[in-house]
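What follows is a single structure, written as structure tokens, with notes after it.
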Amino acid sequence: MGFTIAHLKRGQKGIIKEFSADSLPIKLLELGCLPGNEVELVQVAPLKDPLYINVNGSHIAIRRSVALQIELEPTRAYE
Numbered sequence: 006m007g008f009t010i011a012h013l014k015r016g017q018k019g020i021i022k023e024f025s026a027d028s029l030p031i032k033l034l035e036l037g038c039l040p041g042n043e044v045e046l047v048q049v050a051p052l053k054d055p056l057y058i059n060v061n062g063s064h065i066a067i068r069r070s071v072a073l074q075i076e077l078e079p080t081r082a083y084e
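For what it's worth, the working numbering labels the leading residue of the sequence shown as 6, then goes sequentially.
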């Protein structure tokens, strides 16, 4: 995979491009982690896991291993 949620720096945003639906918890899909939606990295925990993201106005904590599976298209400001 290329650029993923785990590669974002705090405050950066990206558009969800693709992921393997089999590897993501169903709860993330229900909360809006779907292709085409914008995601922003809000904060990273002190030991780099979990990551706190904002998707569709929902703040979600996800594991780094899951974040590495969600490929993003970076927004223009961060390319």
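Just so it is clear, CB atoms sit at the ideal spot from N, CA and C, and this is done for glycine as well.
query	result
Close beta carbons around D54, own chain, < 7 Å, minus the five adjacent residues each side	R68, R69
Distance, E78 Cα to K22 Cα	6 Å
Same chain only: Cβ atoms within 8 Å of S28, ignoring 5 sequence neighbours per side	V71, Q74
Residues near L39 by beta carbon distance below 8 Å, same chain, minus five either side	I21
Nonlocal neighbours in the same chain, by C-beta distance under 8 Å from T9, ignoring five residues either side	A72, L73, Q74, I75, E76, L77
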